[in-house]
Structures are given as structure tokens and as C-alpha cells.
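One structure below.
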Amino acid sequence: MSTASISSLGLTTPFTPAQSSSVKRVTFRPSVFARLSSPDSPPRLIQDRPVIAAPAPLLNYTVREEMSTQSYEEAIKALQNLLVENGELKATAAAKVEQITAELAGAPSGGAGFDPVERIKTGYIHFKKEKYDKNPALYGELAKGQSPKFMVFACSDSRVCPSHVLDFQPGEAFVVRNVANIVPPYDQAKYAGTGSAIEYAVLHLKVENIVVIGHSACGGIKGLMSFTFDGPNSTDFIEDWVKIGLPAKSKVLAEHGDVEFAGQCAHCEKEAVNLSLANLLTYPFVRDGLVKGTLALKGGHYDFVNGSFELWGLDFGLSPSTSVKDVATILHWKL
């Protein structure tokens, strides 16, 4: 059993308008804490090694306005010319470009070729026949609008689709997916995309639960734990995004500094979820929903290596009005 304090993840001071000009509807000063109960041994990861910073690009390229008007055939020819003109490319890079051009041209490369259009067509035909046509009542109701009970933050990782893992049906969950399932703090300038999704879900769709789900072998968390953040970025976007999780990384290193890297990543997968729960409390409409009892926050972790799922809930409440304190505790389940 380990204890995780949301205060230690970045909520160490009360919310007041003086701290952020964009937060205007704060009416209380929360003192927040959370307790995370986790297994004694972290889940085994697929790759027991850190993520390596992206290498410098093999090609220097220039985007020209006329490229946007190229035909399909012209684009294929341009890639082929690139191979000829760049003789200094390593053999592996040249082979990769050849593979891409072959796939784009629809020709098989090293076996039976993959046809993305055919895959999409057959996938939709199966959905239409086996789900849409067999559930006219469901899709008839969905045509009128949506009223999901859940908002879900999940990772973009192709192995952890929340609708597949939790068997959500159409209309049940309003889903946001990004690298490392991160919820950034309230910031109208930097994180308008996430903020608009939360605002729409809470104020307009009236979701009753926000669930943040981490997962095993998360590449985004490996990046967070391996990037040094002490010099120029080696990526265009990834480092700036995952550094939102630095408070979780710091907590893991402070409490599990003697654990091997894979174990630290496993701990951080869950601490990052708790940090996201803390960040959700920076959104005024989320706090309003918690105070009114119309909204609940939950954290989860899906271990696809061992086939297990953990769920913990944020129990939010107010003490008597004479001392007006906001209290959040973590209740934990393991499935």
C-alpha cells in the first residue's frame, strides 16, 4: 500500500483568483489529498528499457506550396526521385522509403500487400451488418442526440482502446485520447483543446463520471521518465506535452529512486493518473460538479500484459461551512 498525495502533485496552495486571472469562479479553498493503493509488485512491461530521444531526421526537406496540388501519381514519382537524388541515404532508410512507395502504389512488398482502403471497407461492412443493422433502436436514439454517463481520458496507444477494453457501447462514453492519457491543468491559452472537451462534457453533456485510465508499457510515460528536460528538445511536440507529468515523475524518483527503470515507469503510470485527477480539480466547472454531487472522478490502470484492470475513485466532499474545507480521498478496487 502506497500513499499518493494530490497536494504533492502540484496542488499545494489554495485556488484563488489572484493565482490565475483565467479562473474567475472559485468560491472555496480546497485542501486536497489522495491515497493510492497499488499492488506490491508493478506490472511487467513489454520492453524493459528507456525510450531513446528521436534521432535527427535523415532527410532535409522543404515544403512547397505546389506540393499540396500534386496528384497521386506525382507524389509517388517524387518519392521515387528522392531515392535517386539522395544516394547518401543509408540502405535501411532507402528500403523503408521503397516499402512506403510500394504500399502507396498498391503493390505487394515482401508478401501479400496490405490494402488500407479494403481494410476500412470490410471493417465498416462488418459493423453495418453485425451492429448497426441489428440495433435499430439504439442507433435511432443516438440519431436524436447523445447523453453519455462517462467522460474518459485514455492513451492514444493502439492497444488500449477504452471502448474495447471496457465494452462501452456507442453513446456511453465521451472519449479524449492523447499521448500518456494526460489531463493538463486549466489554461485557456495552452490547452484549449482539452479544456473545451471537459467543458462540453461537464456543462453540456452533463456526464456524471470522468475517468482517467493509464496502462502498462506506456510509451509516453517511458518518455517522461527518460527525457532529461535539461536542454533543447529533441522532439517537436512530445517533450513539451509529457513534461506536464513532471510532478508525477519527481514523486516516483523521490519514493522509488532505487527501483529499476521499468519499475519506476510502472509506478509513474499510476502517479500520472493521480496527477491528472489533481489537474481536473483546477477546472472550475469540475469543482462545481464535485461540490454539487453531480460529478465523480475516477482513476484506472489497464495492464494488458497480465489482463487486469484497477479502478480507484475520488471521493470529494465538504466539511461544515464553519471551516469550509474540500476533502478528496481515494477508494480503490482491483478487478
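Counting along the sequence shown from 1, when you hit position 109 you're at 588 in the numbering used here, and nothing is skipped either side. Every residue, glycine too, gets a C-beta built ideally from N, C-alpha and C. Computed from a predicted model, the values in this text were never measured in an experiment.
Secondary structure note for Lys-728: its alpha helix (DSSP H) is the uninterrupted segment 725 to 734. Going by C-alpha positions, Phe-593 is about 13 Å away from Thr-601.
Taken through DSSP and simplified to helix, strand or coil, Glu-789 comes out as strand. The beta carbon of Val-662 sits closer than 7 Å to those of Phe-632, Thr-673, Val-691, Ser-755, Asn-758, Leu-759, all from its chain and outside the five residues before and after it, given in chain order.
A Cβ-Cβ contact shorter than 9 Å links Gly-699 with Cys-634.
Under the three-state reduction of DSSP, Ile-661 is assigned to coil, being neither helix nor strand. Bounds of the alpha helix (DSSP H) holding Lys-600 are 595 to 606. For Lys-777, the uninterrupted beta strand (DSSP E) run begins and ends at 775 to 782, by DSSP. Of all alpha-carbon atoms in Val-655, Glu-553, Ile-723, the one lying nearest the alpha-carbon of Cys-640 is that of Val-655.
Residue pairing by DSSP places His-694 opposite Tyr-781 in a beta bridge. For Val-631, there is no enclosing alpha helix (DSSP H); the enclosing beta strand (DSSP E) covers residues 629 to 634. Contact annotation: Val-721 and Phe-740 have beta-carbon atoms that are not nearer than 9 Å. According to DSSP, Arg-656 shares a beta bridge with Ala-633. If you look at Glu-620, you'll find it in the alpha helix (DSSP H) that goes 615 to 621.
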